[in-house]
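Written out below as structure tokens is the structure these notes cover.
Numbering (my numbering), first residue to last: -6 to 408.
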């Protein structure tokens, strides 16, 4: 009783007192194993579970104790035999089927997990945990509609199953229903505040509530569904088209002359290729991290943001604000050359987002050095008048465009 009430220390003291009076009690050794397991005393728990079986090898429950303790302490391969024996000795006990279903699931034998869970439900239709295990196994098989139905069946039987609420949250995530997913994850966390599976899903659910994020996530999921070879091929092709379009328009504009209408139109067309490239890379490497910054102001999301990702989003937001501020200063005449530096900062944003995708401590040193050199050249171009400034501006924009192309290509291969 004390163990079920969440008081394993008191339960351990009580059962050890009972074992002093009856050291051959199989149930006593089994309860002691569970109490030790709850306290994290792994070697002692395994020893107690083995003693439990030794005292009564013909009792199915003792084999269940041994199998569960081994599964819960990282010995799944040696848990199979005692759980099979428990099911053999007591084929009508649904709890033993449930424990073996969990073992099958953890070893990625999803079909076997579903079969045991269904047998458990047949034996005990009110055992909601069997329906929940069936749901999660179906989910990992990719059978999301059946999994969602199983989770709802589990909650109809036992409304306090955190795993079923979390499973519905992931089903809603798959449909990109952010608000619905967030509510399911919150329900799971209300039942079990330390439930990692729900904690992992809630941030993504909250991100999906941001306008446009669901559509962007759908595009990224489509890319991830392709194998790496296809993604690299698409990246190469689109990067080549951007370069070819830019160079081709530039050469045609030179041939027709800047003063002609056709030449001016082609010069304007030049901007379309880098702008499209910049906008896509911006969506992938900047817009998504900025959602982390938005979550910082959410009453729940603020506690779920990874500090590294928050710092990245803050840096990107600060650079974006700086770029627009410099352009504004140039536009109003407060600093006429400010717009040069402002455009350069905005051009560099996707590259900066790509470099910071794993945090400042893990950015690519070689590409980061080129990026910093490009930033210095942009600053020189803005501060130095005359021919030197023009040369620096040309170098900065050319290097910035090359880095942008790299970030554009990486958006297909490394998202």
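All C-beta atoms in this analysis are idealised placements derived from N, C-alpha and C, irrespective of residue type, glycine included.
| Asked | Found |
| --- | --- |
| Sequence-distant residues of its chain with Cβ nearer than 6 Å to residue 64 (five each side left out) | 72 and 96 |
| Any alpha helix (DSSP H) of 4 or more consecutive residues that is wholly inside the segment 283 to 314 | none |
| Burial state of residue 6, where buried means 16 or more other Cβ atoms lie within 10 Å | exposed |
| Cα-Cα separation, residue 83 to residue 20 | 16 Å |
| Cβ contact (3+ pairs, closer than 8 Å) linking the segment 194 to 202 and the segment 163 to 182 | yes |
| Euclidean distance between Cα positions of residue 374 and residue 328 | 13 Å |
| Cα-Cα separation between residue 205 and residue 35, rounded to whole angstroms | 48 Å |
| Start-to-end residues for the alpha helix (DSSP H) that takes in residue 43 | 35 to 48 |
| The segment 352 to 365 contacting the segment 277 to 290, beta-carbon criterion three pairs below 8 Å | no |
| Residue 278 and residue 347 closer than 8 Å at C-beta | yes |
| Spatially closest choice to residue 269 from 143, 239, 29 and 31, by CA coordinates | 239 |
| Boundaries (first-last residue) of the alpha helix (DSSP H) holding residue 61 | 53 to 65 |
| Contact check, residue 66 vs residue 101, beta carbons under 8 Å | no |
| Residue 142, DSSP secondary structure in three states | helix |
| Cutoff 8 Å; reference residue 396; Cβ partners in own chain excluding five residues on either side | 341, 344, 360, 363, 364 and 367 |
| With 16 other Cβ atoms within 10 Å as the buried cut-off, status of residue 405 | buried |
| Secondary structure, alpha helix (DSSP H): runs of 4+ residues fully inside the segment 68 to 108 | 69 to 82 and 87 to 99 |
| DSSP state of residue 189 mapped onto helix, strand, coil | helix |
| Cβ contact check for the segment 104 to 111 and the segment 85 to 96: 3 or more pairs under 8 Å | yes |
| Cβ contact check for the segment 220 to 237 and the segment 312 to 324: 3 or more pairs under 8 Å | no |
| Residue 90 burial status per 10 Å Cβ neighbour count (16 or more: buried) | buried |
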